[in-house]
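Input: a single structure, listed below in structure tokens.
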Amino acid sequence: MTMTSIYDWNLAQLQDIVENLGFKKYNGEQILRWLYQSRVDSFDEMSNLSLLLRETLKKSFQMQLPKILQKQKSSDGTIKFLLELEDQRCVETVIMRYVYGNAVCVSSQVGCNMGCSFCASGLLKKVRDLKVHEMIGQVLIAQKELDQTNERVSHIVVMGIGEPFDNYENVMNFIYILNEAKGLAIGARHISVSTSGIIPKIKAFANEKLQINLAISLHAPNDTIRNQIMKVNHTYPMQALKETLIEYEQKTNRRVTFEYLLLDGINDSSEHAHELANYLRGTCCYVNLIPYNAVNENIYRRSSEKNINNFYDILKKEKINVTIRREFGNDIDAACGQLRAKSEGKS
Ligand code: SAH
Ligand code: SF4
653 MTMTSIYDWN
663 LAQLQDIVEN
673 LGFKKYNGEQ
683 ILRWLYQSRV
693 DSFDEMSNLS
703 LLLRETLKKS
713 FQMQLPKILQ
723 KQKSSDGTIK
733 FLLELEDQRC
743 VETVIMRYVY
753 GNAVCVSSQV
763 GCNMGCSFCA
773 SGLLKKVRDL
783 KVHEMIGQVL
793 IAQKELDQTN
803 ERVSHIVVMG
813 IGEPFDNYEN
823 VMNFIYILNE
833 AKGLAIGARH
843 ISVSTSGIIP
853 KIKAFANEKL
863 QINLAISLHA
873 PNDTIRNQIM
883 KVNHTYPMQA
893 LKETLIEYEQ
903 KTNRRVTFEY
913 LLLDGINDSS
923 EHAHELANYL
933 RGTCCYVNLI
943 PYNAVNENIY
953 RRSSEKNINN
963 FYDILKKEKI
973 NVTIRREFGN
983 DIDAACGQLR
993 AKSEGKS
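So for the sequence shown, this note's numbering puts the first residue at 653; every next one is plus one.
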């Protein structure tokens, strides 16, 4: 039988756990600090806990982190991990360096069921959702790497393998743990979740207490193209998505980011740019244009530099807030899901 992990719980839950085991509530906070501030590897190192509590915890919880199968470092500082979970399944985690800090890109599922035709993660169907401690484990592995240079994980993006809103509860519990002031203390405004557009979960997300950033993978200017490349659009088409996002912005006072992957000859013409600008009117959004990382299995290719710049210029003229995403780790397997697909014999 696998034990539950000590990394599955937020502060209030840890306090309940120790109380139920017959110990003091404040022990919960001590444990949280050991796990996320001192980042110890064993219960034995939690030296301000009684021996009895340490032994009790050992019997009740495991504190295993995922195993690092591969670590690739890019010349630009990007570090990509291929991690093995308890059932030998693999996911990827990436550390990206920005001027404002270090962001960790976290996977939320083993594979993905959304089946977007351009995506390496969707090549392998979802095997299962990640548990809370498996997402925490990714962040701790990244933080331990950065500990070597006295740096800290300052930002989290849930943009690795998987659809976070298809694993909503675990992803939200994970985020609440990251945010614990006595733990890693990563501010909600430094945490972003990206979704392919699952409307009921966007509505739920609007009601969360934390000010977490929301990004939407749009990738198309109209339903015809979006239906072709993103199956999810058949269930949640663009007009309904837009209405939901306007509601979200009104309710939360937060601005949504739209991600738009530029695919050569598919969605990158001048007409598409104007059509996109029209679609976005009425939202106070921000657009992130993403140069495509080719995946061997499929027919899609990256847009030319000229088309990318042209698309950008048109959106600017249309008064849309737009940026072109910087690329990371071009000399390593950069596209999310590539490393894992490779390790399992695809891509
Ligand atoms: N499932 C979520 C989050 C993970 S994907 C989502 O789709 O939003 C994170 C982002 O990477 C998405 O915008 C996705 O469309 C994009 N992406 C997928 N494959 C890519 C590739 N080969 N090159 C560049 N971006 C890609
Ligand atoms: Fe899943 Fe996102 Fe890839 Fe689509 S783009 S298959 S939702 S990981």
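Glycine included, every Cβ here is placed at the ideal spot set by N, Cα and C.
* To do: Taking only heavy atoms of the ligand SAH into account, decide whether any of them is closer than 7 Å to the Cβ of residue 768.
  => Walking along the sequence shown from the start, residue 768 turns up at place 116. Of the heavy atoms belonging to the ligand SAH, at least one sits nearer than 7 Å to the Cβ of residue 768.
* May I ask whether a heavy atom of the ligand SAH can be found less than 7 Å away from the beta carbon of residue 816? => Here residue 816 is taken as the residue at index 164 of the sequence shown, counted from 1. Within the cutoff, so yes.
* Asked: What residues match up with residue 750 in a beta bridge as DSSP calls it?
  -> On the sequence shown, residue 750 is found 98 positions in, with the first residue counted as 1. DSSP lists 753 as partners of residue 750.
* Does the Cβ of residue 764 lie closer than 7 Å to at least one heavy atom of the ligand SF4? -> Taking the first residue of the sequence shown as 1, we reach residue 764 at position 112. Because some heavy atom of the ligand SF4 lies under 7 Å away, the Cβ of residue 764 counts as near it: yes.
* Asked: the ligand SF4 heavy atoms versus the CB of residue 813: any closer than 7 Å?
  -> Mapped onto the sequence shown, residue 813 falls at position 161. For residue 813, the CB falls within less than 7 Å of some heavy atom of the ligand SF4.
* When the Cβ atoms of the region 697-711 are set against those of the region 670-680, are three or more pairs found closer than 8 Å? -> Verdict: yes, contact present.
* residue 730 lies in the alpha helix (DSSP H); which residues open and close that run? -> Along the sequence shown, one-based indexing puts residue 730 at 78. Unbroken run through residue 730: none, as it is neither H nor E.
* To do: Would you check whether the ligand SF4 has a heavy atom nearer than 7 Å to the C-beta of residue 848?
  => Position 196 of the sequence shown, counted from the start, is the residue given in the question as residue 848. Answer for residue 848: yes, Cβ within range of the ligand SF4.
* To do: Say yes only if the C-beta of residue 771 is nearer than 7 Å to one or more non-hydrogen atoms of the ligand SAH, and no if none qualify.
  => Residue 771 sits at position 119 when you count from the first residue of the sequence shown. Yes, the ligand SAH has a heavy atom inside 7 Å of this Cβ.
* Asked: Can you give the beta carbon distance from residue 863 to residue 906, rounded, assuming they're within the 8 Å contact cut?
  -> Numbered from its first residue, the sequence shown carries residue 863 at position 211. Numbered from its first residue, the sequence shown carries residue 906 at position 254. Between residue 863 and residue 906 a beta carbon distance of about 6 Å is seen, short of the 8 Å cut, so the two are scored as contacting.
* To do: Tell me whether residue 844 counts as near the ligand SF4, meaning its Cβ is closer than 7 Å to at least one heavy atom of that ligand.
  => Translated into positions along the sequence shown, residue 844 becomes position 192. The closest heavy atom of the ligand SF4 lies 7 Å or more from the beta carbon of residue 844.
* Could you give the distance in angstroms between the alpha-carbon of residue 752 and the alpha-carbon of residue 807? -> Position 100 of the sequence shown, counted from the first residue, corresponds to residue 752. Position 155 of the sequence shown, counted from the first residue, corresponds to residue 807. Cα to Cα, residue 752 sits roughly 9 Å from residue 807.
* Asked: Relative to the C-alpha of residue 731, which residue among 952, 739 and 749 is closest?
  -> Taking the first residue of the sequence shown as position 1, residue 731 is located at position 79. The option with the nearest alpha carbon to residue 731 is 749.
* Asked: What three-state label does DSSP hand residue 888 in the structure shown?
  -> As a working note, residue 888 is residue 236 in the sequence shown. Reduced to three states, the DSSP call for residue 888 is coil.
* residue 878, buried or exposed, once every other Cβ within 10 Å from all chains shown has been counted against 16 -> Counting from one through the sequence shown, the residue named residue 878 turns up at place 226. Per the 10 Å Cβ criterion, buried.
* Asked: If you drop the 5 nearest sequence neighbours on each side, which residues of the same chain put their C-beta closer than 7 Å to that of residue 920?
  -> For the purposes of this step, residue 920 is taken as the residue at position 268 of the sequence shown. Excluding positions up to five away in sequence, the list reads 914, 955, 959 and 963.
* Asked: Since residue 681 is in the alpha helix (DSSP H), which residue starts that stretch and which ends it?
  -> Locating residue 681 in the sequence shown gives position 29, where the first residue counts as 1. Taken as a continuous stretch (DSSP letters only), the alpha helix (DSSP H) holding residue 681 covers 678-685.
* In this structure, what does DSSP give as the bridge partners for residue 714? -> What you label residue 714 is simply residue 62 of the sequence shown in a count that begins at 1. Looking at the DSSP assignment, residue 714 forms a beta bridge with 657.
* How many Å lie between residue 698 and residue 944 at the Cα? -> Your numbering for residue 698 matches position 46 in the sequence shown. Your numbering for residue 944 matches position 292 in the sequence shown. For residue 698 and residue 944, the distance between alpha carbons rounds to 46 Å.
* **Three-state secondary structure (DSSP) of residue 867** => Taking the sequence shown and counting its residues from 1, the one referred to as residue 867 is at position 215. In this structure, residue 867 counts as strand in the three-state DSSP scheme.
* **Near the ligand SAH: residue 913 beta-carbon under 7 Å from a heavy atom** => As a position in the sequence shown, residue 913 is number 261, starting the count at 1. Yes, Cβ of residue 913 sits closer than 7 Å to a heavy atom of the ligand SAH.
* Hey, would you say the C-beta of residue 869 is under 7 Å away from at least one heavy atom of the ligand SF4? -> Translated into the one-based positions of the sequence shown, residue 869 becomes position 217. Correct: residue 869 has its Cβ closer than 7 Å to the ligand SF4.
* Coil, strand or helix - residue 708 by DSSP -> Here residue 708 refers to the residue found at position 56 of the sequence shown. DSSP places residue 708 in helix when its eight states are reduced to three.
* Is residue 662 near the ligand SAH, judged by its Cβ being under 7 Å from some heavy atom? -> Sequence index remark: in the sequence shown, residue 662 carries index 10 (1-based). For the ligand SAH, not one heavy atom lies less than 7 Å from the Cβ of residue 662.
* At what residues does the beta strand (DSSP E) containing residue 924 begin and finish? -> Residue numbering aside, residue 924 sits at position 272 when the sequence shown is read from its first letter. Element bounds for residue 924: not the beta strand (DSSP E) but the alpha helix (DSSP H), 922-932.
* To do: Check each candidate in 727, 719, 687 and 720 and name the one with the smallest Cα separation from residue 709.
  => Here the question's residue 709 lines up with position 57 in the sequence shown. Per the Cα distances, 687.
* What span of residues does the beta strand (DSSP E) with residue 943 cover, start to end? -> As a working note, residue 943 is residue 291 in the sequence shown. Note, residue 943: beta strand (DSSP E), 938-943.
* Do residue 904 and residue 869 come within 8 Å of each other at the CB atom, strictly closer than that value? -> Residue mapping note: residue 869 aligns to position 217 of the sequence shown, counting from 1. Residue mapping note: residue 904 aligns to position 252 of the sequence shown, counting from 1. In this structure, residue 869 sits away from residue 904, with a CB-CB distance that is not shorter than 8 Å.
* Measure the CB-CB distance between residue 743 and residue 782 and report whether it falls below 8 Å. => The residue given as residue 743 occupies position 91 in the sequence shown. The residue given as residue 782 occupies position 130 in the sequence shown. Yes, these two residues count as a Cβ contact at 8 Å.
* Asked: When the Cα atoms are used, what is the spatial distance from residue 707 to residue 696?
  -> In the sequence shown, residue 707 corresponds to position 55, counting from 1. In the sequence shown, residue 696 corresponds to position 44, counting from 1. Roughly 8 Å between the two C-alpha positions.
* To do: Report yes if the C-beta of residue 945 is less than 7 Å from at least one heavy atom of the ligand SAH; otherwise report no.
  => As a first step, residue 945 must be located in the sequence shown, where it is residue number 293. Under cutoff, so the answer is yes.
* Asked: Is the beta carbon of residue 812 sitting closer than 8 Å to the one on residue 757?
  -> By 1-based counting over the sequence shown, the position of residue 812 is 160. By 1-based counting over the sequence shown, the position of residue 757 is 105. Contact: yes.
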